[in-house]
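First up is the structure itself, then whatever we jot down about it.
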Amino acid sequence: MFEARLDQGVLLKKLLEAMKELVSDANFECSPQALSLQAMDTSHVALVQMTLRSDGFAHFRCDRNISMGMNLANMSKCLKCAGNDDIITMKAEDTGDSVTFLFESPGQERHSDFELKLMDIDSEQLGIPDTEYSATVKMPSSEFQRIVKDLSTIGEAVLISVSKDGIKFSTSGDIGSANISVRQNTNVDKPEDATVIDLQEPVSLSFALRYLNSFAKASPLSSQVSLRMSKELPLVVQYRIVDMGEINFYLAPKVDDDDEMDNGNE
Amino acid sequence: MFEARLDQGVLLKKLLEAMKELVSDANFECSPQALSLQAMDTSHVALVQMTLRSDGFAHFRCDRNISMGMNLANMSKCLKCAGNDDIITMKAEDTGDSVTFLFESPGQERHSDFELKLMDIDSEQLGIPDTEYSATVKMPSSEFQRIVKDLSTIGEAVLISVSKDGIKFSTSGDIGSANISVRQNTNVDKPEDATVIDLQEPVSLSFALRYLNSFAKASPLSSQVSLRMSKELPLVVQYRIVDMGEINFYLAPKVDDDDEMDNGNE
Amino acid sequence: MFEARLDQGVLLKKLLEAMKELVSDANFECSPQALSLQAMDTSHVALVQMTLRSDGFAHFRCDRNISMGMNLANMSKCLKCAGNDDIITMKAEDTGDSVTFLFESPGQERHSDFELKLMDIDSEQLGIPDTEYSATVKMPSSEFQRIVKDLSTIGEAVLISVSKDGIKFSTSGDIGSANISVRQNTNVDKPEDATVIDLQEPVSLSFALRYLNSFAKASPLSSQVSLRMSKELPLVVQYRIVDMGEINFYLAPKVDDDDEMDNGNE
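Chains as they are written, first to last, in the working numbering: chain A, 855 to 1120; chain B, 855 to 1120; chain C, 855 to 1120.
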């Protein structure tokens, strides 16, 4: 038996909105510690990894580890039927072929249940090594979302350069070129407006803008986003979910003129 | 001579929005008692019946009964040109081939008139017998609209079941199944939030969701909707228009597994 | 060297939105007096003329007259990346082949620069003679925008008639006909709500609605629009930009039944 009750059901709705463009089918892994998911995007370029710790739920019971394969578009259809104030409960039998979502309105005058068929999905869990990154930038998630959206109108790839003073996003395309610089900025009224740079050594890497645009769909989950970069390592784009966990997106850098060797990673 | 002046012109705008998806052409019947309309939807499955009583108008003159055939899409185009605060007057000669809509802005600084050509439309008025229904449910119209919209993402038909405790909407489709239950609920701060059930005997009938979705376009006309159901009778979905009249939608039940006889009504 | 700094960068954004539907490519003419532009629309029927006086800029330097040919759709893409509160600076070398737009957020925490390639565009400047018009109507720009939009749902051309009492817009089409009259109205709480008519002699001219709809995209630039008309002369639709300049649209009248001679201007 798996049962997890989430008072802030809207978090699950936002998570699905953050993932469903990138990933079509995925296994939700249930263990006594957490509800988690790891999946490659449909073009096998980006990786999504999400964890919701069991202690963040109002109620969480997982008798034995199960894996629930779901089509994220269908799951999103169900969750769209939940109100933003609804309490959401997920339920599944250990050996069942379906999962049930219960939605309760705050005043209890409306109850809904949606039963979704489960799927068998082949997947291998990739081990993601713990790494010390050369540069970590925390910045407002809405600012990051706007920058990658704006630059997408000009070019297809973005060069992200981090120095101790700030982070610079550069692109170029047929119509011209663009640079957007955001300064380190900790002297703010609201902590969510801060831009904080933690730098071991300057780093400059190039990424496909269309994936960053997809990742940025997670912005409603958190007012801040963290970007972690090291030469030749995938970029990590992380959104923390208060008191519950996080969603991480991984994207390998593109080879560009700044790289000295051709690693075939185009 | 027919002339009817409506201080709250926005009502006529909302009525057209409620009908124009369902009905393409219809006769507006003018009598000294009322402006009314009855029409089948384009696929001849659902029936719309609207009545605006003459005493609800600021001024109403109808020298003899006339029938004005109009294309509702064209009429809607005209009415979209009226501001939401405008006073709307309809005018027609007894034997003319056009109807004129006058729009006056509240401060009288803008006057508009739109002359629309009338059409000859064959139609027979169906007699709708007065019936005692097994179950009548009054509920917030926005709630009903949301439920039929939500369920439409899962299935094509909805089973509506009314018991003394509440009303349940159920559907199923390729991706799974769904149930939404709304409890009787009269203990509310605002009367428009109440759900009231008047039950002679429990009833459970199945309907095509796409028609219910069309009916629900009338929600802006009234904060509450009434659903009336009896076994083997068409469902009545009613929106009252304060001090003026009402719009009723009729839809025959689908034959489903709960029915004992095949009445060919699919 | 050309450099112009505009504290209210949003004005430049709105100007582009006002022109980019009508004009595809145009030369921005820079002189010590002004930044200006004159261009025919893509179908060579309407003329746009814009002037931003140098004294309206926070900083303006123009060492010698230059002409910068730009694709307005591309320029608009760049300007969409500027925030509404951003300060915008345009920069170009006298003999360069690109123009640079700098965007500074109000708190200086974000700096962006966009370099746009310039184009060679053939264009001749038309001299627009100073004329005394028979009728000048100042009215709320939102009202004008709404009227031409509303009438576009009914017909393709509008007859604009100005008398001492008001201005009347008339159209007709397949579904019927429409007239919208706006009265002279100076007794208003807010000056931007006034409709003021300055009449030498009554005038009545017909114009293609699709161009008026394009012109009305300039409404965000000014709360009032001026329409200037004289028999057989192009209509002038003018939006003033406070403390900076103006944008004028010119459109030749259509020949209609009210005209006595066929000037082939269809």
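Here a beta-carbon is modelled for each residue, glycine too, at the ideal position from N, C-alpha and C.
Handout entry: Cβ pair asparagine 881 (chain C), serine 930 (chain C) closer than 7 Å
Key = no
Problem - Opening and closing residue of the alpha helix (DSSP H) in which cysteine 932 (chain B) lies - result: 926-934
Exercise for the section: Please compile the residues from chain C whose C-beta is within a distance smaller than 9 Å of the C-beta of threonine 1007 (chain A). Expected result: Lys931, Cys932, Lys934, Cys935
Exercise for the section: Tell me lysine 1108 (chain B)'s beta-bridge partners as DSSP assigns them. Expected result: B:Ser1060
Practice task
Give the C-beta separation of serine 1068 (chain B) and glutamate 875 (chain B) to the nearest angstrom, bearing in mind that I take them to be a contact with Cβ-Cβ under 8 Å.
Solution key: 5 Å
Problem - Cβ-based neighbour list, threonine 1025 (chain A), same chain, cut-off 6 Å, excluding 5 preceding and 5 following - result: Leu1005, Ile1008, Gly1009, Val1012, Ala1032
Practice task
Check whether the Cβ of glycine 863 (chain A) lies closer than 7 Å to any Cβ atom in chain B.
Solution key: no
Practice task
Report the rounded CA-to-CA distance for serine 878 (chain A) versus aspartate 976 (chain A), giving the unit in angstroms.
Solution key: 13 Å
Problem - Sequence-distant residues of the same chain with beta carbon closer than 7 Å to glutamate 1100 (chain C), five excluded per side - result: Thr905, Gln1092, Tyr1093, Arg1094
Problem - Contacts of serine 952 (chain C) in chain A (Cβ-Cβ under 8 Å) - result: Gly1030
Handout entry: Bounding residues of the alpha helix (DSSP H) (the contiguous stretch that carries arginine 1000 (chain A))
Key = 995-1006
Handout entry: Distance between leucine 970 (chain A) and lysine 1018 (chain B) (C-alpha atoms, nearest Å)
Key = 29 Å
Exercise for the section: Say whether chain C places a C-beta atom closer than 7 Å to the C-beta of arginine 1064 (chain A). Expected result: no
Handout entry: Exposed unless 16 or more other CB atoms sit within 10 angstroms - verdict on serine 897 (chain A)
Key = exposed
Practice task
Entirely within the stretch 958-1038 of chain B and at least 3 residues each: give me those beta strand (DSSP E) ranges in chain order.
Solution key: 964-971, 989-994, 1011-1016, 1020-1027, 1030-1037
Practice task
For chain B, find out if any of its Cβ atoms is closer than 7 Å to the Cβ of serine 1073 (chain C); answer yes or no.
Solution key: no
Practice task
Please state whether DSSP places alanine 888 (chain B) in a helix, a strand or coil.
Solution key: strand
Exercise for the section: Determine, using beta carbons only, whether arginine 1037 (chain C) comes closer than 7 Å to chain A. Expected result: no
Exercise for the section: Give the straight-line distance between the Cα atoms of alanine 1157 (chain C) and alanine 888 (chain C), rounded to the nearest whole angstrom. Expected result: Nothing about residue 1157 (chain C) can be reported from this structure: the residues present for chain C run from 855 to 1120 only.
Handout entry: Alpha-carbon to alpha-carbon, isoleucine 1014 (chain A) and alanine 1062 (chain A)
Key = 11 Å
Practice task
Give me whichever residues DSSP pairs with histidine 913 (chain C) in a beta bridge.
Solution key: C:Arg859
Exercise for the section: Could you tell me which residues DSSP puts in a beta bridge with lysine 945 (chain C)? Expected result: C:Glu857, C:Thr954
Exercise for the section: Verify whether the separation of the beta carbon atoms of leucine 972 (chain A) and serine 988 (chain A) is less than 7 Å. Expected result: no
Problem - Three-state class that DSSP yields for proline 873 (chain C) in the structure shown - result: The sequence given here has methionine at residue 873 (chain C), not proline. Here methionine 873 (chain C) sits in helix by DSSP.
Problem - Beta-carbon proximity of phenylalanine 957 (chain C) to alanine 927 (chain C), cut-off 7 Å - result: no
Exercise for the section: Could you tell me how far apart the beta carbons of aspartate 917 (chain C) and methionine 855 (chain C) are, in whole angstroms, since I believe they sit closer than 8 Å? Expected result: 5 Å
Practice task
Taking threonine 1040 (chain B) as the query, report the chain A residues whose CB atoms sit under 9 Å from its CB, ordered along the chain.
Solution key: Correct list: empty, because the minimum Cβ distance to chain A is about 11 Å.
Handout entry: Coil, strand or helix - asparagine 1102 (chain C) by DSSP
Key = strand
Problem - Three-state secondary structure (DSSP) of alanine 1048 (chain A) - result: coil
Exercise for the section: In angstroms with no decimal places, state the Cα-to-Cα distance between glycine 961 (chain C) and valine 1057 (chain A). Expected result: 26 Å
Exercise for the section: State the Cα-Cα distance for the pair glutamine 892 (chain A) and glutamine 903 (chain A), rounded to the nearest angstrom. Expected result: 4 Å
Handout entry: Presumed contact (8 Å Cβ cut-off) between glutamate 963 (chain C) and threonine 1049 (chain A), rounded CB distance
Key = 7 Å
Exercise for the section: For chain A, find out if any of its Cβ atoms is closer than 7 Å to the Cβ of isoleucine 825 (chain B); answer yes or no. Expected result: Coverage of chain B is limited to positions 855 through 1120, which leaves residue 825 (chain B) absent and any answer about it impossible.
Practice task
Locate the beta strand (DSSP E) running through serine 897 (chain C), then write down its first and last residues.
Solution key: Element bounds for serine 897 (chain C): n/a, residue is neither H nor E.
Problem - Beta carbon proximity, aspartate 1004 (chain A) to chain C, threshold 7 Å - result: yes
Exercise for the section: Kindly indicate if chain A contains any beta-carbon less than 7 Å away from that of asparagine 881 (chain C). Expected result: no
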